[in-house]
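Residue numbers (the UniProt record's numbering): 1 to 250.
Positions of the beta carbon are idealized from the N, C-alpha and C atoms, including for glycine.
Note that the structure is predicted; figures quoted are calculated from it, not measured.
Quick notes on the structure that follows.
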């Protein structure tokens, strides 16, 4: 009896489409560069440091870090993202297809950056813990991990339920909901000149205390908690972001 093909998870399907990149084509690259500049200054990253960009997408953060003179590896589950990113490779910039639930290279990196809410895609706590364990395993002793996540309190309280966008003559109808007291879901209906497609984004609304439990379970040290890309202190009811700086024990 032949084995049935495994059903793709939402992120396998959505992140590999051209529509994902069209919808988000106007991301603020200036803001991203300023954030990375702030991180470089905050960490005092040396030129011989090795950086892993975890869930790198098409590699915009990794490319910028490499342009600043650092050795960077970007990994992402999306084959199409990595096909594109590989066209930007240099002698000190590399990209690979990789599932963040698995260890990439044991004790190989001084810093791991997980940026732009590239966490919380999985349903189970165990899978989220797998991501933390695998990431920690990729860090050298004393290495540092940065997780840049949405602030669930602010997102849920300011949820825009419906939105219509037309980009490159393609229409996107977007609806958002907070379900089961744990998921922020975005449903996307695409109308591409009469061809219709439906996709979804689902992020677990992980609270600060949940993250702290993840880190404690892995013996990690929380160094800082910021609330925006200027590295202002986190405020539960006001901050746009939930940005953790964590260290692996030496």
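- Between the beta-carbon of residue 71 and that of residue 51 there is about 7 Å, and that keeps the pair under the 8 Å contact cut.
- Inclusion of residue 189 and residue 196 in the CB contact set at 8 Å is warranted, their separation being smaller than that value.
- Residue 26 and residue 202 have their C-alpha atoms roughly 21 Å apart.
- Taking the Cα positions, residue 224 is about 9 Å away from residue 234.
- With a threshold of 16 other beta carbon atoms within 10 Å, residue 152 meets it and is buried.
- At least 8 Å separates the beta-carbon of residue 48 from that of residue 113.
- With a 10 Å radius around the Cβ and a threshold of 16 neighbouring Cβ atoms, residue 75 comes out buried.
- Cα atoms of residue 135 and residue 161: separation of roughly 34 Å, rounded to the nearest angstrom.
- In the three-state reduction of the DSSP assignment, residue 146 falls in the strand class, which pools E and B.
- Residue 169 sits in coil when the DSSP states are folded into three classes, being neither helix nor strand.
- Judged by their CB atoms, residue 42 and residue 231 are nearer to each other than the 8 Å cut-off.
- By alpha-carbon distance to residue 123, the top candidate from 144, 101, 58, 107 is 101.
- For residue 193, the closest C-alpha among the options 227, 169, 239 is that of 169.
- Around residue 93, the same chain offers 66, 72 as residues with beta carbons nearer than 6 Å, after the five sequence neighbours per side are excluded.
- For a cut-off of 8 Å, the C-beta gap from residue 182 to residue 204 is around 6 Å, short enough to register as a contact.
- Residue nearest to residue 209 within the set 177, 243, 184, 199 is 243 (criterion: CA-CA distance).
- Residue environment: residue 239 is assigned as buried (16 or more neighbouring CB atoms within 10 Å of its CB, all protein chains considered).
- Non-local beta-carbon contacts of residue 21 in its own chain, meaning distances under 6 Å to residues more than five positions away in sequence, are absent.
- Here residue 35 has 229 as same chain residues with Cβ atoms under 6 Å from its own Cβ, once five neighbours each way along the sequence are excluded.
- Residue 119 places its beta carbon less than 8 Å from that of residue 131.
- DSSP links residue 123 through a beta bridge to no other residue.
- In this structure, residue 241 places its C-beta atom within 8 Å of the C-beta atom of residue 227.
- Distance from the Cα of residue 84 is smallest, within the candidate group 68, 60, 215, 8, for 60.
- Under DSSP, residue 96 takes part in a beta bridge, and its partners are 75.
- Residue 129 is positioned such that its CB atom lies closer than 8 Å to that of residue 214.
- Judged by DSSP secondary structure, residue 12 falls within the alpha helix (DSSP H) whose first and last residues are 10-14.
- Taking 8 Å as the cut-off, the beta carbon of residue 142 is found no closer than this to the beta carbon of residue 109.
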